[in-house]
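Read the structure below first, then the notes.
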Amino acid sequence: MAVSRLSVKGLLTSMRCFIGYLFVLTVIGSGCAGRSGTASMPKPGRGIAEYREVTRQAHRAVADAVDSLEGLKTSAAQGSPQFVRFDRSFNELELTSIKARARAEAIIARGQNYFDEWKEQLAGATNRPAAQTNYNRLYDQFLNVRQRSGEVRDEFRPFMARLRQFRARLDRPPSGESTASEIDALATNGKRVLKALDSVSAALNEAEAQLHAMRNQ
Amino acid sequence: MQCVINRTRSVALVVWGLLFIPHAWTQYPGVAPPLAGSTLGANVRNAAVATQNQLAALRNVTDNWCRRAAAANYGDADLRLDYDNVLSQFQNLRTQFNYLGQLALQLGRPRADNAVAELDAGLNIIAELFAFLQEQYAAGTLDRATVLRTARLFQKAMREWEKELRKNTSRLGIVW
Chain A
326 MAVSRLSVKG
336 LLTSMRCFIG
346 YLFVLTVIGS
356 GCAGRSGTAS
366 MPKPGRGIAE
376 YREVTRQAHR
386 AVADAVDSLE
396 GLKTSAAQGS
406 PQFVRFDRSF
416 NELELTSIKA
426 RARAEAIIAR
436 GQNYFDEWKE
446 QLAGATNRPA
456 AQTNYNRLYD
466 QFLNVRQRSG
476 EVRDEFRPFM
486 ARLRQFRARL
496 DRPPSGESTA
506 SEIDALATNG
516 KRVLKALDSV
526 SAALNEAEAQ
536 LHAMRNQ
Chain B
718 MQCVINRTRS
728 VALVVWGLLF
738 IPHAWTQYPG
748 VAPPLAGSTL
758 GANVRNAAVA
768 TQNQLAALRN
778 VTDNWCRRAA
788 AANYGDADLR
798 LDYDNVLSQF
808 QNLRTQFNYL
818 GQLALQLGRP
828 RADNAVAELD
838 AGLNIIAELF
848 AFLQEQYAAG
858 TLDRATVLRT
868 ARLFQKAMRE
878 WEKELRKNTS
888 RLGIVW
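Chains as they are written, first to last, in my numbering: chain A, 326 to 542; chain B, 718 to 893.
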């Protein structure tokens with residue numbers, strides 16, 4: 326009997342705590358829901374600058390991976406400094422490349438619609454006579470970036486797929502030693518990725534310079 | 718006569734049951750859609766919360782996968798179980814993110830549309846890791862070291878994707 330009274334008391338205490346918790350949540354929640362307004366506007370040219378930054382990071386990661394890959398020609402044995410360096414750069418590349426590749430994929434998939442976000446950056450100049458010229462110039466720059474993003478996509482995907490297979494082979498002790506020709510083929514592939522990334526970076530630099538010139542008009 | 722009435726009643730009961738019961742069970746065969754709010758903004762916010770919740774579920778099974786794959790006796794049955802769990806939670810995340818994406822597209826803002834496209838492409842790229850594991854498994858060359866390395870890579874990639882999702886909240890039009 327005493328036990329059941331104790332249980333009922335405990336239950337009531339728990340319920341009070343739960344109701345109190347719910348009350349606090351409701352107050353906090355309603356406070357959040359009550360906030361209104363629009364999401365903050367981006368700085369002009371932010372999209373271009375961000376894409377350039379992720380491209381730069383991806384370039385650095387690919388260059389490091391290619392360099393460490395060539396180091397495996399001397400020794401690909403697990404635990405060797407060359408192997409450790411390659412393993413680290415491969416992991417870094419896997420993570421870093423996602424953003425650059427995703428950006429390239431989105432630009433290609435959305436096509437002209439992607440440009441609408443860039444176009445918003447010209448909004449302040451709509452009343453000027455040069456607005457249409459500016460629009461056309463920026464659009465040309467966008468098409469250039471888009472075309473070069475296609476090259477990044479086409480080169481990056483097979484490179485990553487081959488690199489993953491290569492890395493998996495290094496995990497297997499009997500065939501752990503890789504051949505120099507395999508490494509050379511991968512390095513050549515990686516250099517094509519680097520070239521495509523350079524090309525996108527150059528196009529993004531031009532687009533940013535164009536946007537900067539338009540703002541100074 | 719009484720027998721015919723009873724039979725008619727039974728048939729009617731079965732028909733009634735067939736008409737009403739299945740609706741309660743088959744509404745959401747996969748993941749439940751997020752709660753509908755009073756405005757589009759509230760719907761987007763609810764969908765973002767549902768996506769975050771699904772991310773937490775995926776994080777949980779991925780952490781388990783990484784922990785289990787590190788064990789020396791990790792075998793084929795363990796891999797199949799973990800792979801299926803992680804893939805299933807990843808697909809649920811895609812479903813939740815698709816809801817969020819569809820709602821964000823209704824905002825009619827290029828920034829939101831581009832953010833959705835970039836995040837969606839990010840998930841597609843991460844999903845290449847599943848394809849890689851499947852290829853290696855089918856070829857009979859998948860070993861524990863590769864599984865563990867890929868599981869950890871997937872774990873880190875999803876963390877990066879989560880960071881990107883949070884970074885893009887304003888672009889997606891989510892106001893907390």
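Don't be surprised by glycine CBs; every beta carbon is placed ideally from N, CA and C.
Taking C-alpha atoms, which residue in the options lies nearest to residue i?
i, options, result
"isoleucine 432 (chain A)", "B:Tyr854, B:Leu820, B:Asp830", "B:Asp830"
"glutamate 417 (chain A)", "B:Ser887, B:Glu879, B:Thr886, B:Ala874", "B:Ala874"
"arginine 487 (chain A)", "A:Glu533, A:Gly515, A:Arg471, A:Asn461", "A:Gly515"
"alanine 787 (chain B)", "B:Asp860, B:Lys880, B:Thr886", "B:Asp860"
"asparagine 878 (chain B)", "B:Gly825, B:Arg866, B:Ala844", "The sequence shown places tryptophan at residue 878 (chain B), not asparagine. That would be B:Ala844, whose Cα lies nearest to the Cα of tryptophan 878 (chain B)."
"glycine 818 (chain B)", "B:Leu804, B:Thr867, B:Gly857, B:Ala834", "B:Ala834"
"arginine 426 (chain A)", "A:Trp443, A:Glu378, A:Phe408, A:Ala401", "A:Glu378"
"glutamate 430 (chain A)", "B:Asn815, B:Pro827, B:Leu840, B:Leu820", "B:Leu840"
"arginine 508 (chain A)", "A:Gln490, A:Lys520, A:Val525, A:Ser524", "The sequence given here has isoleucine at residue 508 (chain A), not arginine. The shortest Cα separation from isoleucine 508 (chain A) among A:Gln490, A:Lys520, A:Val525, A:Ser524 belongs to A:Gln490."
"arginine 381 (chain A)", "A:Lys520, A:Arg435, A:Thr458, A:His537", "A:Lys520"
"glycine 758 (chain B)", "B:Asp799, B:Tyr800, B:Arg826", "B:Arg826"
"aspartate 837 (chain B)", "A:Ala401, A:Val409, A:Lys424", "A:Lys424"
"serine 506 (chain A)", "A:Leu397, A:Phe408, A:Ala374, A:Ala383", "A:Leu397"
"arginine 428 (chain A)", "A:Tyr376, A:Ala493, A:Asp523, A:Ala510", "A:Tyr376"
"glutamate 445 (chain A)", "A:Tyr460, A:Arg435, A:Ala455", "A:Tyr460"
"alanine 493 (chain A)", "B:Ala765, B:Ala767, B:Gln853, B:Val778", "B:Gln853"
"arginine 776 (chain B)", "B:Ser887, B:Phe849, B:Leu870", "B:Leu870"
"leucine 857 (chain B)", "B:Arg785, B:Asp793, B:Tyr816, B:Lys880", "Residue identity differs from the one stated: residue 857 (chain B) is glycine in this sequence, not leucine. Here the closest residue by C-alpha is B:Asp793."
"leucine 846 (chain B)", "A:Ala434, A:Leu420, A:Ala510, A:Thr458", "A:Leu420"
When you compare the CB of residue i with every CB in chain B, is at least one pair closer than 8 Å?
i, result
"tyrosine 464 (chain A)", "no"
"asparagine 416 (chain A)", "yes"
"tyrosine 439 (chain A)", "yes"
"leucine 536 (chain A)", "no"
"alanine 431 (chain A)", "yes"
"leucine 420 (chain A)", "yes"
"aspartate 389 (chain A)", "no"
"aspartate 509 (chain A)", "no"
"alanine 434 (chain A)", "yes"
"alanine 401 (chain A)", "no"
"aspartate 479 (chain A)", "no"
"glutamate 533 (chain A)", "no"
Around the Cβ of residue i, are there at least 16 other Cβ atoms within 10 angstroms (buried) or fewer (exposed)?
i, result
"proline 406 (chain A)", "exposed"
"valine 810 (chain B)", "Checking the sequence shown, residue 810 (chain B) turns out to be leucine, not valine. Per the 10 Å Cβ criterion, buried."
"glycine 372 (chain A)", "buried"
"arginine 497 (chain A)", "exposed"
"glycine 890 (chain B)", "buried"
"histidine 537 (chain A)", "exposed"
"serine 526 (chain A)", "buried"
"valine 864 (chain B)", "buried"
"glutamine 851 (chain B)", "exposed"
"aspartate 799 (chain B)", "buried"
"alanine 868 (chain B)", "buried"
"arginine 797 (chain B)", "exposed"
"threonine 756 (chain B)", "exposed"
Can you name, in chain order, every residue of its own chain whose Cβ lies under 6 Å from the Cβ of residue i, other than the five neighbours on each side?
i, result
"asparagine 469 (chain A)", "Ala528"
"glutamine 771 (chain B)", "Asn809, Leu810, Gln813"
"arginine 462 (chain A)", "Gln535"
"alanine 774 (chain B)", "Gln806"
"aspartate 389 (chain A)", "Ser414"
"asparagine 530 (chain A)", "none"
"glutamine 872 (chain B)", "Thr779, Cys783"
"asparagine 802 (chain B)", "Val778"
Apart from the five residues on each side of it in sequence, which residues of its chain come closer than 8 Å, Cβ to Cβ, to residue i?
i, result
"valine 518 (chain A)", "Val387, Val477, Glu480, Phe481, Phe484"
"glycine 754 (chain B)", "Asn760, Arg762, Asn763"
"alanine 512 (chain A)", "Val391, Leu394, Glu395"
"tyrosine 439 (chain A)", "Ala431, Ile432, Phe467, Arg471"
"aspartate 441 (chain A)", "none"
"leucine 822 (chain B)", "Ala829, Asp830, Val833"
Is the shortest distance between the beta-carbon of residue i and the beta-carbons of chain A less than 8 Å?
i, result
"asparagine 815 (chain B)", "no"
"threonine 779 (chain B)", "no"
"glutamate 877 (chain B)", "yes"
"phenylalanine 847 (chain B)", "no"
"threonine 828 (chain B)", "Residue 828 (chain B) is actually arginine in this sequence, not threonine. True, the Cβ-Cβ gap to chain A drops below 8 Å."
"alanine 764 (chain B)", "no"
"alanine 787 (chain B)", "no"
"glutamine 834 (chain B)", "Per the sequence shown, the amino acid found at residue 834 (chain B) is alanine instead of glutamine. Closer than 8 Å: yes."
"lysine 873 (chain B)", "yes"
"aspartate 860 (chain B)", "yes"
"glycine 857 (chain B)", "no"
"threonine 957 (chain B)", "Because residue 957 (chain B) is not part of the residues shown, which for chain B are 718 to 893, the question remains open."
"asparagine 885 (chain B)", "no"
For a contact defined as C-beta to C-beta under 7 Å, what are the partners of residue i on chain C?
i, result
"glutamine 853 (chain B)", "Among the protein chains of the structure shown, namely A and B, there is no chain C."
Can you list, in chain order, the residues of its chain with a C-beta nearer than 7 Å to that of residue i? Leave out the 5 residues immediately preceding and following it.
i, result
"threonine 399 (chain A)", "Gln407"
"serine 524 (chain A)", "Arg473, Glu476"
In chain order, which continuous runs of the alpha helix (DSSP H) of length 4 or greater are located wholly inside the segment 834-867 of chain B?
If we require 4 residues or more, the alpha helix (DSSP H) runs fully inside the segment 834-867 of chain B come out as 845-855.
Ignoring anything shorter than 4 residues, give me the alpha helix (DSSP H) runs that lie fully in the segment 425-481 of chain A, in order along the chain.
Listed in chain order, they are 437-444.
Which complete beta strand (DSSP E) runs does the segment 772-825 of chain B hold, if anything under 3 residues is left out?
Counting only runs of 3 or more, we get nothing.
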